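These notes concern the structure reproduced below.
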Amino acid sequence: MTIQIENQTISYRETGQGQALVVLHGWGCNKEMFQFMHDHFSDRFRVISVDLPGFGQSEEPKSVWGTQDYAACIGRLLTELGADRPIVFGHSFGGRVLLALAGKMPPEKMILTGSAGLVPRRPLSYYLRVSWFKTAKWVYRHSPLQKLYPDWLEKKRKSSGSADYRQASPQMRKILVKVINEDLSAEIAQISAPTILLWGTEDTATPIADGQRMAGLLRDGALIRLEGGSHYAILEQKNRCLAIMDAFVGGKTDV
């Protein structure tokens, strides 16, 4: 299914009836990743999974969006669909969007896994690399090197960036650079909805230290460690996670 939200085509899937359970995927993924949520929860909930703008079958944003733009878009979509006071689930970037949205449209409950939203505490070597690249970029743009080597800057960006950056379109790269530097600490501290954080202990994209910080900021948050799990612990330990979610939202106990 698709819907127009302020000239933006958004793809989503909806199954079941009852209270809305909204599912948002992470960066570089799409709603198909969480088909199992539809399979598991549609007997009790109206499950709505969304392709965030720029992913799956949803259009890319026409300007360089930040986290608040994504949150506003999802908020308008939920209003259009009549999904009031939903239970929300977000992985990684999807969690970031839900954290930004929660202050404006409080959910009934929130489930986050490997959620982004806090600026990571990086080693000095990271900041030295960033400083070097910024200096090199300035020199390149203000010297004959730009004419002699017109592709150097783009090649350097591709080789230096993360896998998410390298695989993204030019527009989504700009968005990625913007959102990963946005700190939602203040917004998180205002969230009162009961929240569980499902976190892989071996997550290297959003380390469990981020989950600990996030749990400390939330007014009613609990961190659940998924031992040995990566950034995709929700898939690696699916049955355990579903059992935890059932206990949190109410429902099946025979997982």
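For the sequence shown, this note's numbering assigns the number 867 to the initial residue and increments by one for each residue that follows.
Beta carbons are placed, not taken as given, at the ideal position from N, Cα and C, and that holds for glycine.
Bear in mind that the values here come from a model prediction, so they are computed numbers and not experimental data.
Next on the checklist: Here's a check: name, in chain order, each residue in its chain whose Cβ is nearer than 6 Å to the Cβ of Q883, leaving out the five neighbours to either side.
Outcome noted: Reading the sequence shown from its first residue, position 17 is the one you call residue 883. Once the five neighbours on either side are set aside, the close Cβ partners of Q883 are R912.
Checklist entry - Which value, in whole angstroms, describes the spacing of the CA atoms of S1096 and L984? => result As a working mapping, residue 1096 is identified with position 230 in the sequence shown. As a working mapping, residue 984 is identified with position 118 in the sequence shown. Answer to the nearest angstrom: the Cα atoms are 18 Å apart.
Item to check | Beta-carbon proximity list for V963, same chain, < 8 Å, skipping 5 on both sides | outcome: In the sequence shown, residue 963 corresponds to position 97, counting from 1. Excluding residues within five positions, the ones whose Cβ falls inside 8 Å are L890, L918, T933, Y936, A937, I940 and G956.
Checklist entry - Would V916 pass as a contact of K897 if the rule is Cβ separation under 8 Å? => result The residue given as residue 916 occupies position 50 in the sequence shown. The residue given as residue 897 occupies position 31 in the sequence shown. Cβ distance < 8 Å, so V916 and K897 count as in contact.
Checklist entry - Quick one: is D905 buried, meaning 16 or more other Cβ sit within 10 Å of its Cβ, or exposed? => result Mapped onto the sequence shown, residue 905 falls at position 39. Per the 10 Å Cβ criterion, exposed.
Item to check | For K1044, three-class secondary structure by DSSP | outcome: Looking up residue 1044 in the sequence shown gives position 178. Helix.
Next on the checklist: Could you check whether L1063 and G1077 sit closer than 8 Å to each other, using their CB atoms as the reference points?
Outcome noted: Your numbering for residue 1077 matches position 211 in the sequence shown. Your numbering for residue 1063 matches position 197 in the sequence shown. Cβ distance < 8 Å, so G1077 and L1063 count as in contact.
Next on the checklist: Assuming contact is defined by CB atoms lying nearer than 8 Å, are I1074 and R1091 in contact in what I supplied?
Outcome noted: What you label residue 1074 is simply residue 208 of the sequence shown in a count that begins at 1. What you label residue 1091 is simply residue 225 of the sequence shown in a count that begins at 1. Result yes, Cβ atoms of I1074 and R1091 sit closer than 8 Å.
Checklist entry - Would DSSP call A966 helix, strand or coil? => result As a working note, residue 966 is residue 100 in the sequence shown. A966: helix per DSSP, three-state reduction.
Checklist entry - Shortest alpha-carbon distance to S924 belongs to which of Y878, Q901, M903 and L947? => result Here residue 924 is taken as the residue at index 58 of the sequence shown, counted from 1. Cα-wise, what sits closest to S924 is Y878.
Item to check | Inter-residue CB distance, L965 and I1054 (contact presumed, cutoff 8 Å) | outcome: One-based indexing of the sequence shown puts residue 965 at position 99. One-based indexing of the sequence shown puts residue 1054 at position 188. Confirmed, Cβ separation roughly 6 Å.
Item to check | Pair within 8 Å by beta-carbon distance, V888 and P972 | outcome: What you label residue 888 is simply residue 22 of the sequence shown in a count that begins at 1. What you label residue 972 is simply residue 106 of the sequence shown in a count that begins at 1. Cβ atoms of V888 and P972: not closer than 8 Å.
Checklist entry - For S1051, which of helix, strand or coil comes out of DSSP? => result Here residue 1051 corresponds to residue number 185 of the sequence shown, with the count starting at 1. S1051 falls in the helix class under three-state DSSP.
Checklist entry - On the premise that G922 lies in contact with S958, defined as a C-beta separation below 8 Å, what is that separation, rounded to the nearest angstrom? => result For the purposes of this step, residue 958 is taken as the residue at position 92 of the sequence shown. For the purposes of this step, residue 922 is taken as the residue at position 56 of the sequence shown. So it is not a contact: roughly 15 Å between Cβ atoms.
Checklist entry - Just to confirm, are A1059 and K970 a CB contact at a threshold of 8 Å? => result Residue 1059 sits at position 193 when you count from the first residue of the sequence shown. Residue 970 sits at position 104 when you count from the first residue of the sequence shown. No.
Item to check | Endpoints, alpha helix (DSSP H) assigned at T945 | outcome: Position 79 of the sequence shown, counted from the start, is the residue given in the question as residue 945. It spans T933 to E946 - the alpha helix (DSSP H) in which T945 sits, taken as one unbroken run.
Checklist entry - Going along the chain, which unbroken runs of the alpha helix (DSSP H) with 4 or more residues stay wholly within the segment 886-928? => result 901-907
Checklist entry - Using DSSP with H/G/I as helix, E/B as strand and the rest coil, what is Q870? => result Counting from one through the sequence shown, the residue named residue 870 turns up at place 4. Q870: strand per DSSP, three-state reduction.
Checklist entry - Using the rule of at least 16 other Cβ atoms within 10 Å of the residue's Cβ for burial, across every protein chain shown, is Y992 buried or exposed? => result Here residue 992 corresponds to residue number 126 of the sequence shown, with the count starting at 1. A caution first: Y992 carries a pLDDT of 43, below 50, which makes its placement in the model too unreliable to give a value.
Checklist entry - Does the separation of the CB atoms of A982 and G948 fall below 8 Å? => result Locating residue 982 in the sequence shown gives position 116, where the first residue counts as 1. Locating residue 948 in the sequence shown gives position 82, where the first residue counts as 1. No, Cβ-Cβ distance for A982 and G948 is not below 8 Å.
Checklist entry - Any idea which residues DSSP pairs G1077 with across the strands? => result As a position in the sequence shown, residue 1077 is number 211, starting the count at 1. According to DSSP, which records beta bridges pairwise, G1077 is partnered with nothing at all.
Item to check | Counted within 10 angstroms of its Cβ, other Cβ atoms place A886 as buried (16 or more) or exposed | outcome: Stepping through the sequence shown from its first residue, residue 886 is reached at position 20. It is buried - the Cβ of A886 has at least 16 other Cβ atoms within 10 Å.
Checklist entry - Do you know whose CA, among S1035, A1113 and L1101, lies nearest F900's CA? => result Counted from its first residue, the sequence shown places residue 900 at position 34. Per the Cα distances, L1101.
Checklist entry - Terminal residues of the continuous beta strand (DSSP E) containing L1089? => result Translated into the one-based positions of the sequence shown, residue 1089 becomes position 223. G1087 to L1092 is the extent of the beta strand (DSSP E) around L1089.
Next on the checklist: Quick check: what's the CA-CA separation for R1130 versus T1072?
Outcome noted: This structure cannot speak to residue 1130, because the chain is shown only from 867 to 1121.
Checklist entry - Based on the DSSP output, what are the partners of L978 in its beta bridges? => result The count along the sequence shown starts at 1 and reaches residue 978 at position 112. L978 pairs with G956 and L1063.
Checklist entry - Is the distance from the Cβ of D1069 to the Cβ of A1099 below 8 Å? => result As a working mapping, residue 1069 is identified with position 203 in the sequence shown. As a working mapping, residue 1099 is identified with position 233 in the sequence shown. Cβ atoms of D1069 and A1099: closer than 8 Å.
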